Structure formats: C-alpha cells, structure tokens
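Novice:
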Amino acid sequence: MKRVVPILVLGVVCLSGCSLSKHLSRSSARVEEMYANTLEWKKLPLRTITWEQALSLARKNSLELRDAEDEIENAKRQALSIYTDLVPGVSYYGYMTRSIAQLSNAVDADDLSSSVNVTFSIPALTQVPYRVYSSKARLFAAIKAKEGRYRELVSKLYLTVRGREIDMTRAALEKSDPSQDRDILPQKEQEQKLKDEKYWQEVAKLIGVRDVRWQIIPSSMPHVRWEDYEPRLKHLGSLVVCNFAMRLEQARMAQYGVALNYLPTINTSLYSPSLFSSTGGTYSGTFLDKDDTRLNLSISYSLDSKLSTWNTYQQNKARYEREKIKVADELRSHRNRIHQLRQSMREYVTWHSFMSKQVAFLKSADKLCAEDFIERAGKLHSMQMELLNQEEKAIESEAALVLEYGMPNEPDSPPCAPATDRR
Numbered sequence: 121m122k123r124v125v126p127i128l129v130l131g132v133v134c135l136s137g138c139s140l141s142k143h144l145s146r147s148s149a150r151v152e153e154m155y156a157n158t159l160e161w162k163k164l165p166l167r168t169i170t171w172e173q174a175l176s177l178a179r180k181n182s183l184e185l186r187d188a189e190d191e192i193e194n195a196k197r198q199a200l201s202i203y204t205d206l207v208p209g210v211s212y213y214g215y216m217t218r219s220i221a222q223l224s225n226a227v228d229a230d231d232l233s234s235s236v237n238v239t240f241s242i243p244a245l246t247q248v249p250y251r252v253y254s255s256k257a258r259l260f261a262a263i264k265a266k267e268g269r270y271r272e273l274v275s276k277l278y279l280t281v282r283g284r285e286i287d288m289t290r291a292a293l294e295k296s297d298p299s300q301d302r303d304i305l306p307q308k309e310q311e312q313k314l315k316d317e318k319y320w321q322e323v324a325k326l327i328g329v330r331d332v333r334w335q336i337i338p339s340s341m342p343h344v345r346w347e348d349y350e351p352r353l354k355h356l357g358s359l360v361v362c363n364f365a366m367r368l369e370q371a372r373m374a375q376y377g378v379a380l381n382y383l384p385t386i387n388t389s390l391y392s393p394s395l396f397s398s399t400g401g402t403y404s405g406t407f408l409d410k411d412d413t414r415l416n417l418s419i420s421y422s423l424d425s426k427l428s429t430w431n432t433y434q435q436n437k438a439r440y441e442r443e444k445i446k447v448a449d450e451l452r453s454h455r456n457r458i459h460q461l462r463q464s465m466r467e468y469v470t471w472h473s474f475m476s477k478q479v480a481f482l483k484s485a486d487k488l489c490a491e492d493f494i495e496r497a498g499k500l501h502s503m504q505m506e507l508l509n510q511e512e513k514a515i516e517s518e519a520a521l522v523l524e525y526g527m528p529n530e531p532d533s534p535p536c537a538p539a540t541d542r543r
C-alpha cells in the first residue's frame, strides 16, 4: 500500500492539470495580449509592392490556398493508403497481474506477460481497381479545386487593385475641378479614409499577410484588353470544363460503385501465432513456423434477393441522368452569359474609343474667351468623370474574364490536362 498511495497522488495531480477553467484562463490571457498588440490600419507600416510580388505572397500565405493544399495532401495520403494497407501490421501486447496482498512486493518476471503479433490482409480484391481509380479522381479534383481558388483570388485581387486605381484617379480629378464645393472636402476626405481602410483590409485578406498596409503598384499589373480575350470567348475556360466534367464523372462513378456489389467478395489474409511471447516467466521465445502459419482465402457472394442493391443502382443511374441534364442547362446559361459579356464588351470598347477621342479633341482645341474656356473645362471634367464611372463598371467584366480564362499573360491550359503545382 505504501507504493499505491504515491501512484494515486500522481493521478490526482495529472487530473488537476486538465482543469478546463485553467486552460481557458490561459487562452483568454493570450487573446487579450493579441488584442492589445493589434494596431489600427492607419498605424501599420505601408509597403509598396508589384503585382507579381503580391501574387507570390498570396501563393504562400493565402488561407484559402493553404486549405486547398491540405486537401491535396489528404487526397495523396488516401491514395497511398491503398498500398500501405498491404503492409503487415505489427502489434505489441503486455500486461502485469498479481494479487492485492503482494502489491507491496517488488515486481518480478512472473508478474509480466507480453507478446508480439503480425497481421496481414488484402480485403475485397474486387474493390482494389475501383479504389485506385477513385483515389486518382479525388486527387485530380483537389488539384483543380486549388487552381480554381487561385484563379478566384487573382480575379478578386485584380478587381480590388483596378477599383483602387480608378478611385484614386477620380479623387484627383475631383480636387482639380474648380467648381468643386470646398465645404464638402472634409466629408470627401473622411470617405476616402474609409475606402483606404477597406482596400487595405481586402488586399491583406487576399494576400494572407495582415500586419502591413499593402500598396500594389497599378502600373505593374497587366491590364485586361478585350481584344486579347476575343478569341477565347468562343470556348469554355479549362477550369470550367474540368468542373463540369468532374461532376459527370463523380455521378457516373457512384453508379459504377454500386454495380461492383454484384461481384463476389474476395479476401485474403495471413495468419500466424505470435512472433514472440513471454508468459509469466514460464516461457519466452518465438512461435512462428511454416506449419502454424496459414494463408487464408475467402470468397463470398450475397444474392440481392431483396433488390436493395438494384434499387440503389437505379437511384444512382437516375441521378446520373439528371446530372447530365443539369450540366446541359448550366452550359446553356453559361453560353448566354458569355454572349452578353461579348456584346457588352464590344459596346464598351466602341463607346470608350469615341469618348476618348472627344476628350482629346477638347484638350487640344484652341482656347477662346474666358466663358468658353470655363464651359469647355466643365464639359471636359464631366466627360472624364463619365469615362471613369463606365470604366469602373467595366472592370467587373474584366474580373469575370480573369476568373474564366486567367490573366492576359497566363495561357489557358487544355481542358482537364494534368495540373502543375503553382507553388
């Protein structure tokens, strides 16, 4: 009993270390410390970077891309598990037993027993090809999902930076307007500060680094030109094609997986006694030999007399047919959106070209009297503001093109081609 009491005391001490309130207090203190060290946006250092530097930071630090990378690694581990399941398993088992009256005595070999076992099995041989194919499809889908998230991140970042560029140009144009009411300047400045904080917050979220006010140089970013995307609009983007194709394939594989239940189940396993065993000090040694080691092979087949497998197969078959109809409907809607995008693109390019020529003409026209000059300046300012307003609307279409086909300097890969890691 003298040795039992310290063990009980040690157990109580360990349990006291698992106090919920104690750990919550530590976490709460950590949260308070983090909050105290969190600075407002205006107090963070300002850092200017190029577009490529911003994308490089985003690839390394974006939480969405890191989540997508975790999904890829998980798919790789699941694919590897098909083969690691073939590796024999080794287990160790040990225990001690003695009477209560002898607890105060020293432990000897008679009180201890242990064994080492090995197990090996290949379950359901008929399912192995299906598992291999499914694992490849899962890994491919995870890689394409990461590419899609990266494309979405680039599209959002493009929209944010281009919107910021237009907003700053508009603010400078408003300040240069002689007819501007000076009394509303403080209000304009306050609105601009709110826009600045929103911009910094959005860029920091997309890049994944939140302790700096990022300023991306607009001139370093390749601007979307409609003529660069005109040939691409005749076809779907590769990621869009892969998305629809994977949906159809997943629905087809669900139907195929049920059909495999009609095949007999074949299992094989290797059985042997313990590799090593020690029992109460009376025996210690190995037991493995060729006479006791057996290879088991079992074949089983269940007749679908209740038609449960057949019903599930028919349900998945009907779901596959419905999925094909859904994909066809969505493709038609997608085609209509692309057509509308192409039409608005052409109209905007024509209008922008005309307005730009008008602005250039007004700037180069001869100056007349003061009244004509003021009238021309007001008209010029109004036209420049309208150009900015329409350009601000156009960048949403530009971002849609980036989401569909990528940046202008990024060639669109063939549909469902093996993806390369962007890291």
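By the count of our numbering, the sequence shown reaches residue 543 at its end, each step adding exactly one. Backbone N, C-alpha and C fix where the C-beta goes; we use that ideal spot for every residue, glycine too. Since this is a predicted model, take the numbers as computed values, not measurements.
Where does the unbroken alpha helix (DSSP H) through Leu578 begin, and where does it stop?
Specialist: Because the chain in this structure spans residues 121 to 543, residue 578 falls outside the shown range and cannot be described.
Novice: Taking Tyr319 as part of the alpha helix (DSSP H), name the residues at either end of that continuous run.
Specialist: Start and end: Leu305 to Ile327.
Novice: What's the gap between the Cα of Val129 and the Cα of Tyr212?
Specialist: Unreliable positioning characterises Val129 in this predicted model, as indicated by a pLDDT of 49, which lies under 50. A coordinate reading is not provided.
Novice: Could you name the residues of the same chain whose beta carbon sits closer than 8 Å to that of Pro378, not counting the 5 residues immediately before and after it, in chain order?
Specialist: It should be noted that the sequence gives Val, not Pro, for residue 378. Cβ within range, chain order: Thr429, Thr432, Tyr433 and Asn436.
Novice: Roughly how many angstroms separate the alpha carbons of Arg543 and Leu183, rounded to a whole number?
Specialist: Interpretation of Arg543 is limited by its pLDDT of 38, a score under 50 that renders its predicted location unreliable; no figure is taken from the coordinates.
Novice: Touching or not, the region 187 to 206 and the region 281 to 288, by the rule of three or more beta carbon pairs under 8 Å?
Specialist: Flag = no, the region 187 to 206 and the region 281 to 288 do not touch.
Novice: Going straight from the alpha carbon of Leu277 to that of Gly328, what length do you get?
Specialist: Cα to Cα, the separation comes out at about 12 Å.
Novice: Do Leu273 and the ligand GDP come close, with the Cβ less than 6 Å from some heavy atom?
Specialist: You won't find the ligand GDP in this model; it holds no ligand whatsoever.
Novice: Going by C-alpha distance, which of Ala174, Leu451 and Glu450 is nearest Trp334?
Specialist: That would be Ala174, whose Cα lies nearest to the Cα of Trp334.
Novice: Apart from the five residues just before and just after Thr239, which ones in its own chain have a Cβ nearer than 7 Å to its Cβ?
Specialist: So the qualifying residues of the chain are Pro208 and Gly209.
Novice: Judging by CA-CA distance, which residue of Gln247, Gln375, Arg258 and Ala265 is the nearest neighbour of Thr385?
Specialist: Here the closest residue by C-alpha is Gln247.
Novice: On the criterion of 16 or more Cβ atoms from any shown chain inside 10 Å, does Lys477 qualify as buried, or is it exposed?
Specialist: Lys477 is exposed by the Cβ-count criterion.
Novice: So for Ser425, helix, strand or coil by DSSP?
Specialist: Coil.
Novice: What residue from Thr158, Lys483 and Pro338 has the CA that sits closest to Thr168's CA?
Specialist: Of Thr158, Lys483 and Pro338, the residue nearest in Cα terms is Pro338.
Novice: Using CA coordinates, which residue listed in Ser148, Asn529 and Lys162 is at the minimum distance from Lys318?
Specialist: Among Ser148, Asn529 and Lys162, the Cα nearest to that of Lys318 belongs to Lys162.
Novice: By Cβ distance below 7 Å, which residues in the same chain neighbour Lys499 in space, the five residues on each side in sequence not counted?
Specialist: If we look at Lys499 and ignore the five residues flanking it on each side, its Cβ neighbours are Leu482.
Novice: Report, in whole angstroms, the separation of the C-beta atoms of Leu185 and Lys266, which I expect to be a contact under 8 Å.
Specialist: Yes, they are in contact, since the Cβ atoms of Leu185 and Lys266 sit about 7 Å apart, within 8 Å.
Novice: Over what stretch of residues does the alpha helix (DSSP H) that includes Ile192 continue unbroken?
Specialist: Unbroken alpha helix (DSSP H) run through Ile192: Leu183 to Thr204.
Novice: Let me check one thing: in DSSP terms, what residues is Pro279 bridge-paired to?
Specialist: In the sequence as presented, Pro is not what sits at residue 279; that position holds Leu. None, per the DSSP bridge assignment.
Novice: Which same chain residues, not among the five before or five after Leu245, have their C-beta less than 8 Å away from its C-beta?
Specialist: Contacts found: Ile386, Asn387 and Thr388.
Novice: If I measure Cβ to Cβ from Val447 and keep anything under 7 Å in the same chain, skipping five residues before and after, which residues do I get?
Specialist: The residues are Phe364, Arg367 and Leu368.
Novice: Could you check how far apart the C-beta atoms of Ala188 and Arg269 are, in whole angstroms? I think they sit under 8 Å.
Specialist: That pair is a contact at about 5 Å.
Novice: How would you write the range of the beta strand (DSSP E) that Gly216 sits in, first residue to last?
Specialist: The question names Gly, but residue 216 in the sequence shown is Met. Looking at the DSSP string, the run of the beta strand (DSSP E) that includes Met216 is Gly209 to Met216.
Novice: What three-state label does DSSP hand Asn529 in the structure shown?
Specialist: Coil, per DSSP.
Novice: Could you check if Arg258 is buried or exposed, using at least 16 other CB atoms within 10 Å of its CB as the buried criterion?
Specialist: Burial call: buried.
Novice: Judging by CA-CA distance, which residue of Arg462, Gln307 and Asp331 is the nearest neighbour of Arg352?
Specialist: Of the candidates Arg462, Gln307 and Asp331, the one whose C-alpha sits nearest the C-alpha of Arg352 is Arg462.
Novice: Would DSSP call Thr168 helix, strand or coil?
Specialist: Correct three-state label for Thr168: strand.
Novice: Please classify Thr280 as buried or exposed, where buried requires at least 16 other C-beta atoms within 10 Å of its C-beta.
Specialist: By the 10 Å Cβ count, Thr280 comes out buried.
Novice: Would Ala497 and Tyr468 be called neighbours here (beta carbons separated by less than 7 Å)?
Specialist: No.
Novice: Span of the beta strand (DSSP E) holding Arg333?
Specialist: Taken as a continuous stretch (DSSP letters only), the beta strand (DSSP E) holding Arg333 covers Arg333 to Ile336.
Novice: Spell out whether any CB of chain D is found under 7 Å from the CB atom of Ala520.
Specialist: Chain labels in this structure do not include chain D; a single protein chain is all it has.
Novice: For a test of the three-state rule: what should DSSP assign to Asn363, helix, strand or coil?
Specialist: In the structure shown, Asn363 sits in a helix (DSSP, three-state: H, G or I).
Novice: What are the residues that DSSP puts in a beta bridge with Leu232?
Specialist: Paired residue(s): Met216.
Novice: Report the CB separation of Met505 from Leu293 in whole angstroms; it is logged as a contact under 8 Å.
Specialist: About 7 Å separates the two Cβ atoms, so the contact holds.
Novice: Compare the C-alpha of Val323 against each of Leu508, Cys536, Ser148 and Leu166 and name the closest.
Specialist: The shortest Cα separation from Val323 among Leu508, Cys536, Ser148 and Leu166 belongs to Leu166.
Novice: Less than 7 Å between the C-beta atoms of Leu380 and Tyr525, yes or no?
Specialist: No.
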